[in-house]
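> Residue numbers for the sequence shown follow this note's numbering, so the first one is 28 and each next one is one higher.
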Amino acid sequence: MQISAPPDHEIVVIGAGFAGIGFGIKLLDAGFADFVILDEADGVGGTWHWNTYPGIAVDIPSFSYQYSFEPRPTWTRTYAPGRELKRYAEHCVDKYGLRPYLRLGTSISSAEYDEDRNLWRLTTAAGEVSTARFVINAAGVLTRPNLPDIAGIDDFAGAVMHTSRWDHDQELDGKRIGIIGTGASAVQVIPEIASRAEHLTVFQRTPIWCLPKPDVPLAGSFRWTLRRVPGAQRVVRAASQAFVEVTFPIAAHFHGILPAGPLGERFGRAYLRRQVDDPVVRDKLTPRYGLGCKRPSFHNSYLRTFNRPNVHLETSSITHIDDSAVHTADGARHGIDVLILATGFKVMDPGNMPTYRLLGAGGRDLERWWHEHRLHAYEGVSVPGFPNHFAIFGPYGYNGSSYFALIEAQTAHILRCLKQARAVRANHIEVTAEANERFFAEMLARRRHQIFWQDSCATANSYYFDIHGDVPLRPTTTVESAWRSTHFPLDDYQFQRIDAS
Ligand code: NAP
Numbered sequence: 028m029q030i031s032a033p034p035d036h037e038i039v040v041i042g043a044g045f046a047g048i049g050f051g052i053k054l055l056d057a058g059f060a061d062f063v064i065l066d067e068a069d070g071v072g073g074t075w076h077w078n079t080y081p082g083i084a085v086d087i088p089s090f091s092y093q094y095s096f097e098p099r100p101t102w103t104r105t106y107a108p109g110r111e112l113k114r115y116a117e118h119c120v121d122k123y124g125l126r127p128y129l130r131l132g133t134s135i136s137s138a139e140y141d142e143d144r145n146l147w148r149l150t151t152a153a154g155e156v157s158t159a160r161f162v163i164n165a166a167g168v169l170t171r172p173n174l175p176d177i178a179g180i181d182d183f184a185g186a187v188m189h190t191s192r193w194d195h196d197q198e199l200d201g202k203r204i205g206i207i208g209t210g211a212s213a214v215q216v217i218p219e220i221a222s223r224a225e226h227l228t229v230f231q232r233t234p235i236w237c238l239p240k241p242d243v244p245l246a247g248s249f250r251w252t253l254r255r256v257p258g259a260q261r262v263v264r265a266a267s268q269a270f271v272e273v274t275f276p277i278a279a280h281f282h283g284i285l286p287a288g289p290l291g292e293r294f295g296r297a298y299l300r301r302q303v304d305d306p307v308v309r310d311k312l313t314p315r316y317g318l319g320c321k322r323p324s325f326h327n328s329y330l331r332t333f334n335r336p337n338v339h340l341e342t343s344s345i346t347h348i349d350d351s352a353v354h355t356a357d358g359a360r361h362g363i364d365v366l367i368l369a370t371g372f373k374v375m376d377p378g379n380m381p382t383y384r385l386l387g388a389g390g391r392d393l394e395r396w397w398h399e400h401r402l403h404a405y406e407g408v409s410v411p412g413f414p415n416h417f418a419i420f421g422p423y424g425y426n427g428s429s430y431f432a433l434i435e436a437q438t439a440h441i442l443r444c445l446k447q448a449r450a451v452r453a454n455h456i457e458v459t460a461e462a463n464e465r466f467f468a469e470m471l472a473r474r475r476h477q478i479f480w481q482d483s484c485a486t487a488n489s490y491y492f493d494i495h496g497d498v499p500l501r502p503t504t505t506v507e508s509a510w511r512s513t514h515f516p517l518d519d520y521q522f523q524r525i526d527a528s
């Protein structure tokens, strides 16, 4: 095979959120220097760059929502606000010298594998073409806003904004605001804007399980201890990890063995009773699906916001929107000045997995291939037929723990492949079809204990489920994910050298 010219870059990382930043740090650590990190945004931080709506904060404890190798002793709260996470992203980029590797404002629209040259040809939305030997998809999944296809929405004459594209110049005080959606973003926005609006109408399709959040300010003395007392950060992180592990992955994936769901639901309903005065409103806010079928939320004032006289919970479905109002199936017309779309993201929807068109060997289109063969990727990272392409957010990669645990595990997996290729002077890495199928069969066999297969999940409208009815979350503990990322059999990949003849 003839290789006419080397690629522009050895490695291209797509996405400068925490996945791309973490991967870049580890690349430098391992001595790889010929790489770039691309992002369509004009800043780093991914989610925390785009999402700046009022009230935004993480809902995994800050001590887990950070890289294990870069603990931050200065978090101001147990659950960091969004602006601190954005600052943490900037800090990591500067501390680890990643700035020169960033190419911001660069949106990749397609990646095509050139078999003759054993490289990837990347095309940007602006039509520029560059090449890379290896491509790492770190673009995330909660990336593309889901804009609802509601009749007449384009006729609305007032302001419209999606939560992930917040317009801070938009006046909210004294306005009639409508918000569509009651997912995690809405749960954080609603209490913040309710006190500013003349009237707030919340259009709810499916109620969310909302549990209290142990969110407290961290005292200066506590932060001093974290900074100065040897081992303090490790202890706090271990406690935080244990909490996250029990409340997310263990509760979800080992539900058949340790059924904590009913207990959590009783607790959630009791909390709802304490928070919401009106029994009719409370009933409307009560989820009819099991806790865990879809992502629950954590907030200390969301539910009681519905006690406010200027807040109306609308559960009749939206029929259409005109220039000044949202109309619902019960015949009501809800006059609105500002419409907020808290309608989430395209997750496993077409065009989002991945966020760019991906054509592998023989022109195999990943999206179509997944459509035909169900979503799966070896260890959540790689797919046969797509040599030298790896994903940090692939199916069966994430187990519901902190994203940072996922990022570090998948980074370790990919780097192990890259280092092995370097050691054996290979420039072509491809997972075998057998390894991929074996992994998928294992994931399917292990899902029988997951919480998602209870009957009530059918009514949850959960984005965890893909069009095949699968939930491509990894049914393992975080410890197992981490262990496997450094111990998978290297024989599961083919490492080859494709040289100029
Ligand atoms: P989401 O959880 O997908 O919620 C979207 C909401 O919009 C749902 O209530 C959905 O109703 C509703 N909706 C969508 N299309 C609609 C339509 N056409 N008509 C009426 N309602 C419609 O999105 P999100 O709240 O942005 O959260 C997405 C994810 O981001 C979360 O699950 C979480 O992983 C992450 N997140 C995390 C945090 C945090 O850590 N603090 C904060 C925000 C977001 P249905 O339920 O009926 O579909």
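Glycine included, every Cβ here is placed at the ideal spot set by N, Cα and C. A quick note: this is a predicted structure, and the numbers were derived from the prediction, not measured.
(1) Please classify residue 352: does DSSP put it in a helix, a strand, or coil?
(2) Determine contact between the segment 53-70 and the segment 208-224, defined as no fewer than three beta-carbon pairs at a distance below 8 Å.
(3) Is the beta carbon of residue 276 less than 7 Å from the beta carbon of residue 429?
(4) Would the beta-carbon of residue 186 fall within 7 Å of that of residue 383?
(5) DSSP three-state label for residue 113, please.
(6) Decide if the segment 152-170 is in contact with the segment 410-422; the criterion is three or more beta carbon pairs, one per stretch, under 8 Å apart.
(7) Sorry if obvious, but does the Cβ on residue 169 come closer than 6 Å to a heavy atom of ligand 1?
(8) How is residue 337 classed by DSSP in three states: helix, strand or coil?
(9) Distance, Cα to Cα, residue 490 vs residue 255?
(10) The alpha helix (DSSP H) with residue 292 in it runs from where to where?
(11) Assuming residue 495 contacts residue 401 (C-beta within less than 8 Å), just tell me the rounded distance between them.
(12) If I'm right that residue 150 touches residue 136 with Cβ under 8 Å, what's the distance once you round it to whole angstroms?
(13) Kindly indicate which three-state DSSP category residue 91 falls into: helix, strand or coil?
(14) Using a Cβ distance threshold of 8 Å, determine whether the segment 327-346 contacts the segment 451-466, with at least three qualifying pairs required.
(15) So for residue 226, helix, strand or coil by DSSP?
(16) Quick check: residue 325 and residue 238, are their CB atoms within less than 7 Å of each other?
(17) Does ligand 1 have a heavy atom nearer than 6 Å to the CB of residue 13?
(18) Just to confirm the assignment, what range does the beta strand (DSSP E) spanning residue 141 have?
(19) Helix, strand or coil for residue 150? Go by DSSP, reduced to three states.
(20) Taking residue 483 as the reference, give the member of 58, 233, 109 and 201 with the closest Cα.
(21) Please classify residue 446: does DSSP put it in a helix, a strand, or coil?
(22) Under three-state DSSP, which class holds residue 169?
(23) Please confirm if the segment 430-449 is in contact with the segment 105-114, defined as three or more CB-CB distances below 8 Å between the two stretches.
(24) Using a Cβ-based criterion (distance less than 6 Å to any ligand heavy atom), does residue 342 qualify as near ligand 1?
(25) When DSSP labels each residue in this structure, what does residue 524 get in the three-state scheme?
(26) With H, G and I counted as helix, E and B as strand and the rest as coil, what does DSSP make of residue 43?
(27) Please check if any C-beta of chain B sits within less than 7 Å of the C-beta of residue 389.
By the coordinates alone:
(1) Three-state result, residue 352: strand.
(2) Note that the segment 53-70 does not touch the segment 208-224; fewer than 3 beta-carbon pairs, one per stretch, sit closer than 8 Å.
(3) Contact flag unset, no.
(4) No, these two residues do not count as a Cβ contact at 7 Å.
(5) Here residue 113 sits in helix by DSSP.
(6) These segments touch.
(7) Correct: residue 169 has its Cβ closer than 6 Å to ligand 1.
(8) Residue 337 falls in the coil class under three-state DSSP.
(9) When rounded, the distance between both Cα atoms is 43 Å.
(10) It spans 288-302 - the alpha helix (DSSP H) in which residue 292 sits, taken as one unbroken run.
(11) That pair is a contact at about 5 Å.
(12) Contact between residue 150 and residue 136 holds: their C-beta atoms lie close to 6 Å from each other, under 8 Å.
(13) The DSSP-derived three-state label of residue 91 is coil.
(14) Not touching, per the Cβ criterion.
(15) Annotated three-state conformation of residue 226 is strand, per DSSP.
(16) Using a Cβ distance threshold of 7 Å, residue 325 and residue 238 count as a contacting pair.
(17) In the structure as shown, the chain starts at 28 and stops at 528, and residue 13 therefore has no counterpart that could be examined.
(18) Residues 135-141.
(19) The answer is strand: DSSP assigns residue 150 an E or B state.
(20) The shortest C-alpha separation from residue 483 is found at 233.
(21) Residue state for residue 446 is assigned as helix, using DSSP reduced to three classes.
(22) DSSP places residue 169 outside both helix and strand once states are collapsed to three, so it counts as coil.
(23) With contact defined as three or more Cβ pairs closer than 8 Å, the segment 430-449 and the segment 105-114 are not in contact.
(24) Checking every heavy atom of ligand 1 against the Cβ of residue 342, none is found closer than 6 Å.
(25) Residue 524: coil per DSSP, three-state reduction.
(26) Looking at residue 43 - three-state DSSP - the assignment turns out to be coil, as it is neither helix nor strand.
(27) Note that chain B does not occur in the displayed structure, where there is just one protein chain.
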